[in-house]
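In the working numbering, the protein residues as written are 99 to 479. Right, one structure below, let's go through it.
Set out below in structure tokens:
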């Protein structure tokens with residue numbers, strides 16, 4: 099490691115090119131130099147509680163991933179390895195660089211830093227990339243694989259990395275709508291195999307929605323209607339002229355069905371406008387389900403959830419048209435109703451990732467909701 103100004107720049111976030119074979123040596127030198135220099139009175143402490151391997155399909159995505167990792171490093175300092183792979187024809191070159199993510203300490207506190215290694219591969223080097231990544235992992239720490247794209251379920255690099263990791267993290271919002279169904283099937287199959295735990299950031303986006311829906315039935319007057327629900331209507335924001343993405347709608351209905359023991363009854367149908375309708379059955383009787391895109395509210399994600407019970411009770415959560423950070427929560431029971439506005443800030447990608455990095459073992463609630471969503475999707479074709 100060269101002059102103090104150089105490693106201070108690295109600790110400030112600048113990336114330094116390095117020979118692949120010298121990565122570990124250069125990192126050792128970085129932390130040794132940092133420990134000997136207090137950076138203007140602020141001691142530097144290297145921290146690492148997990149390994150995070152992130153795949154980026156492009157340079158722009160890699161830069162975005164680095165920013166998210168930096169934001170998450172305060173809660174989850176890691177050795178992060180960002181892979182930028184281009185499988186097309188080429189010379190098969192492999193290039194590497196390293197940088198650091200540091201958190202500004204409170205007055206008198208230590209500056210906590212962690213490291214990021216970025217690998218650029220092209221052509222034939224992509225298929226051998228796992229041989230570079232795996233030796234760089236810190237032993238005896240959990241390994242998370244964040245695939246920031248639709249996973250190539252049978253791809254060589256993907257399968258080799260998957261075999262080494264404890265948890266796969268994807269974001270089904272990244273899946274192209276026309277291929278989302280196939281991707282969800284692949285994710286569910288992987289979850290069913292049980293060797294690797296799976297996470298979907300899109301599922302985490304639904305956490306606040308699920309909490310608000312569950313809160314309806316905390317109140318004794320509403321609790322009696324939970325087992326008598328017979329209608330579920332979900333609207334998903336969409337853009338005119340584009341194929342709608344109903345993934346969040348499928349997941350939230352899958353959650354309801356898996357928690358309440360509903361089974362699939364009627365074969366589904368899909369309208370020309372992209373809406374899905376199908377029938378489920380609860381212990382009390384049939385449950386009519388409709389998931390539809392709503393071009394009147396452009397954007398992404400859920401717009402509203404509406405539950406009905408025996409014609410006597412209705413429960414609705416609807417995102418405000420003029421404020422995407424608020425939802426209207428309405429309950430009408432036996433012609434008596436009340437409504438309130440709840441703040442629901444869209445979580446940042448870093449916050450979503452942090453949730454998944456805190457997960458240990460399988461998320462059975464998600465996996466059961468996903469299994470139901472895949473069943474609904476198949477009958478809705």
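Even for Gly, the Cβ is constructed at its ideal location relative to N, Cα and C.
Q) Counting Cβ pairs, one atom from each stretch, are 3 or more of them under 8 Å apart for the stretch 370 to 381 and the stretch 290 to 306? A) Under the Cβ criterion (8 Å, minimum of three pairs), the stretch 370 to 381 does not count as touching the stretch 290 to 306.
Q: Express the C-alpha separation of residue 286 and residue 114 in angstroms, rounding to a whole number.
A: For residue 114 and residue 286, the distance between alpha carbons rounds to 39 Å.
Q. Can you give the Cα-Cα distance for residue 352 and residue 358, rounded to whole angstroms?
A. Whole-angstrom Cα-Cα distance: 10 Å.
**Q.** Candidates 356, 439, 402 and 177: closest to residue 380 by CA position
**A.** Residue 380 has its Cα closest to that of 356, out of 356, 439, 402 and 177.
**Q.** Of the listed residues 221, 426 and 401, nearest to residue 303 (C-alpha basis)
**A.** The option with the nearest alpha carbon to residue 303 is 401.
Q.
So, under 8 Å CB-CB, residue 244 and residue 152 are touching, yes? Tell me the CB distance rounded to an integer number of Å.
A. The beta-carbon separation of residue 244 and residue 152, rounded to 4 Å, stays under the 8 Å limit for a contact.
Q) In terms of residues, what are the limits of the alpha helix (DSSP H) holding residue 354? A) First-last of the alpha helix (DSSP H) with residue 354: 345 to 358.
Q: Specify, as a first and last residue, the run of the beta strand (DSSP E) that residue 265 falls within.
A: First-last of the beta strand (DSSP E) with residue 265: 265 to 268.
Q: Using the Cα positions of residue 394 and residue 332, report the straight-line distance between them to the nearest angstrom.
A: Answer to the nearest angstrom: the Cα atoms are 14 Å apart.
Q: Provide the residue span of the beta strand (DSSP E) that contains residue 146, from first to last.
A: Counting along the chain, residue 146 falls outside any beta strand (DSSP E), and DSSP gives it neither H nor E.
Q) Helix or strand or just coil, what does DSSP make of residue 218? A) Strand at residue 218.
Q | Euclidean distance between Cα positions of residue 290 and residue 458 | A | Cα to Cα, the separation comes out at about 17 Å.
(Q) With H, G and I counted as helix, E and B as strand and the rest as coil, what does DSSP make of residue 475? (A) In this structure, residue 475 counts as helix in the three-state DSSP scheme.
Q) Tell me, which residues are paired with residue 333 by DSSP? A) Within the DSSP secondary-structure output, residue 333 pairs in a beta bridge with 390 and 402.
Q. From the DSSP output, which residues share a beta bridge with residue 361?
A. Answer is 379.
(Q) Tell me which residues share the same chain as residue 454 and place their Cβ nearer than 6 Å to its Cβ, disregarding the 5 neighbours each side in the sequence. (A) Around residue 454: 267 and 297.
Q: Quick one: measure Cβ to Cβ for residue 265 and residue 283, integer angstroms, because I've assumed they're closer than 8 Å.
A: Not confirmed; about 20 Å, so no contact.
Q. What's the call for residue 269, buried or exposed, on a 16-neighbour Cβ count within 10 Å?
A. Looking at its Cβ environment, which holds 16 or more other Cβ atoms inside 10 Å, residue 269 is buried.
Q: Identify every run of the alpha helix (DSSP H) within the stretch 250 to 295, keeping only runs that are complete inside it and at least 4 residues long; order them along the chain.
A: Taking 4 residues as the minimum length, the alpha helix (DSSP H) runs contained wholly in the stretch 250 to 295 are 254 to 262 and 275 to 291, in order along the chain.
Q: Taking only the alpha-carbon atoms, compute the straight-line gap between residue 184 and residue 292 and give it to the nearest angstrom.
A: Their Cα atoms are separated by approximately 30 Å.
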